[in-house]
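Protein chains in written order, with our numbering: chain L, 1 to 208; chain X, 209 to 416. All C-beta atoms, glycine included, are put in the ideal place defined by N, C-alpha and C. Keep in mind the model is a prediction, meaning the values are calculated, not measured. Below is one structure, written out as structure tokens; comments come after it.
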DNA sequence: CACTAAATCCCCCGTTTAGGTAATTGTTTG
DNA sequence: CAAACAATTACCTAAACGGGGGATTTAGTG
């Protein structure tokens, strides 16, 4: 067993791949001996060599790195997978994190810090480029929804606990009829037509 | 207008407060002239002095820093609020982020890096102690739920779109009766008894 | 002061849903 | 191979729900 942090790279651009390898192997405590240029062989290589950390690109020629992350995750849930991508769109970021990445580096911003990020990942952290981190945090924050009134929000809140009309009525000390009326208004405002739809929308849009 | 990043501290322990102030005022580009020892006066001070960054403790004598964060957020949504707390429990972390914090530093781990974190926050980042960052990221990942079968997961998926039995049946090319049956099983497994409850649970527990 | 919006309560009616019981067909797995 | 489980369909009933009316009170706003 070596003392090095073993790294595998999956990245299609040869220049970047080589640069990453050099950056890593010039640093102490980390070592990269295997790098792959597409997703399928990358995943295969990762499963075979079982590194401590994977550096994963997203825009790969054969299939998205995101599905690769999922595959690796299924086999080795403890492995640290760091995304290193040029893509900064909402969907790529969150899909990658949902798939199991433990960090997300934007190529343009953080490629020189990749070794530092590897240390951080091994240290139980979650290295992210600043802009990514901010967006991740922002995703927790409720967006201000003028549409729904305060009282309606309370009703919606109870609804999201899965309560029936009757239970909501009890919780808010109003009649079942009033709950029904609020729900009608909420449905109109959210453009939905059932409790489950309303709950789904409310939770996804972080209204509650 | 000064060129300094203006910082206000809200922290009840005098020793820490003083140390933070020294750390900040010994660094360049940042300056702290106001510090408060409880939440209410802290919020008041923040609203009055309108700093660029707020350093906020959570365990304050009068009320939780979390409500303070919310109050500040309501007035100045663009202000960067950094939590600096000893509390590392799940609830404190996520409540603080939901309330509007843009970063979370664990006192024991990151107090020396507080100035660095302030720079990072002003730079559009979201400074977090390593363990916090990892937990934030982990919260995106679907927890492996053996309980629900693959087919049931599909049904649950459609359910989370707010569909009726009939529409789910159409979407999955099965009879309404089968949908009903799946739902019954899902309800049992999730320990719920209605569509909205199931949707709420599925989305909150990230089953879908 | 009139107007509006929010919150409250009421009725009706048809549809949807939840829970019970039962049965058939594959697939997986010990 | 038998047992267990997943997926499928069926029927019945009472309760819950969604959409359609209408009404009152209070608070805020032009």
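Coil, strand or helix - residue i by DSSP
{"i": "residue 223/X", "result": "helix"}
{"i": "residue 56/L", "result": "strand"}
{"i": "residue 239/X", "result": "strand"}
{"i": "residue 6/L", "result": "strand"}
{"i": "residue 43/L", "result": "helix"}
{"i": "residue 336/X", "result": "strand"}
{"i": "residue 383/X", "result": "coil"}
{"i": "residue 415/X", "result": "coil"}
Counted within 10 angstroms of its Cβ, other Cβ atoms place residue i as buried (16 or more) or exposed
{"i": "residue 257/X", "result": "exposed"}
{"i": "residue 108/L", "result": "exposed"}
{"i": "residue 51/L", "result": "buried"}
{"i": "residue 334/X", "result": "buried"}
{"i": "residue 158/L", "result": "buried"}
{"i": "residue 265/X", "result": "buried"}
{"i": "residue 202/L", "result": "buried"}
{"i": "residue 101/L", "result": "buried"}
{"i": "residue 120/L", "result": "buried"}
{"i": "residue 22/L", "result": "exposed"}
{"i": "residue 389/X", "result": "exposed"}
Nearest-angstrom Cα separation, counted from residue j out to residue i
{"i": "residue 397/X", "j": "residue 232/X", "result": "53 Å"}
{"i": "residue 270/X", "j": "residue 363/X", "result": "48 Å"}
{"i": "residue 332/X", "j": "residue 311/X", "result": "11 Å"}
{"i": "residue 26/L", "j": "residue 5/L", "result": "13 Å"}
{"i": "residue 170/L", "j": "residue 67/L", "result": "46 Å"}
{"i": "residue 70/L", "j": "residue 99/L", "result": "5 Å"}
{"i": "residue 375/X", "j": "residue 206/L", "result": "25 Å"}
{"i": "residue 483/X", "j": "residue 60/L", "result": "Lying before the first or after the last residue shown, residue 483/X is absent from chain X, which here runs from 209 to 416."}
{"i": "residue 431/X", "j": "residue 291/X", "result": "Because residue 431/X is not part of the residues shown, which for chain X are 209 to 416, the question remains open."}
{"i": "residue 219/X", "j": "residue 319/X", "result": "13 Å"}
{"i": "residue 297/X", "j": "residue 133/L", "result": "20 Å"}
{"i": "residue 9/L", "j": "residue 32/L", "result": "8 Å"}
{"i": "residue 151/L", "j": "residue 357/X", "result": "38 Å"}
{"i": "residue 19/L", "j": "residue 401/X", "result": "56 Å"}
{"i": "residue 140/L", "j": "residue 244/X", "result": "27 Å"}
{"i": "residue 118/L", "j": "residue 336/X", "result": "16 Å"}
{"i": "residue 287/X", "j": "residue 294/X", "result": "22 Å"}
{"i": "residue 263/X", "j": "residue 93/L", "result": "28 Å"}
{"i": "residue 249/X", "j": "residue 280/X", "result": "12 Å"}
{"i": "residue 321/X", "j": "residue 313/X", "result": "9 Å"}
{"i": "residue 418/X", "j": "residue 289/X", "result": "Given a span of 209 to 416 for chain X in the structure shown, any question on residue 418/X remains unanswerable."}
{"i": "residue 283/X", "j": "residue 77/L", "result": "42 Å"}
{"i": "residue 392/X", "j": "residue 399/X", "result": "10 Å"}
{"i": "residue 345/X", "j": "residue 135/L", "result": "12 Å"}
{"i": "residue 238/X", "j": "residue 246/X", "result": "22 Å"}
{"i": "residue 236/X", "j": "residue 261/X", "result": "15 Å"}
{"i": "residue 381/X", "j": "residue 215/X", "result": "60 Å"}
{"i": "residue 254/X", "j": "residue 46/L", "result": "50 Å"}
{"i": "residue 211/X", "j": "residue 153/L", "result": "42 Å"}
{"i": "residue 14/L", "j": "residue 223/X", "result": "53 Å"}
{"i": "residue 272/X", "j": "residue 251/X", "result": "11 Å"}
{"i": "residue 208/L", "j": "residue 394/X", "result": "25 Å"}
{"i": "residue 34/L", "j": "residue 17/L", "result": "10 Å"}
{"i": "residue 412/X", "j": "residue 299/X", "result": "14 Å"}
{"i": "residue 122/L", "j": "residue 330/X", "result": "27 Å"}
Going residue by residue through the stretch 94-118 of chain L, where are the continuous beta strand (DSSP E) segments of at least 3 residues, counting only ones entirely within it?
Complete beta strand (DSSP E) runs here, min 3: 103-106.
For the 8 Å Cβ check, are there 3 or more pairs between the stretch 191-202 of chain L and the stretch 361-373 of chain X?
Yes, the stretch 191-202 of chain L touches the stretch 361-373 of chain X.
Does the stretch 140-154 of chain L come close enough to the stretch 377-389 of chain X to have 3 or more Cβ pairs within less than 8 Å?
Segments in contact, no.
Fully enclosed by the stretch 346-373 of chain X, which alpha helix (DSSP H) runs are 4 residues long or longer?
Within the stretch 346-373 of chain X, the complete alpha helix (DSSP H) segments at least 4 residues long are 358-367, listed from N- to C-terminus.
What beta strand (DSSP E) runs, 3 residues minimum, are completely inside the stretch 274-299 of chain X?
At a cut-off of 3 residues, the continuous stretches assigned as beta strand (DSSP E) that sit fully inside the stretch 274-299 of chain X are 288-293.
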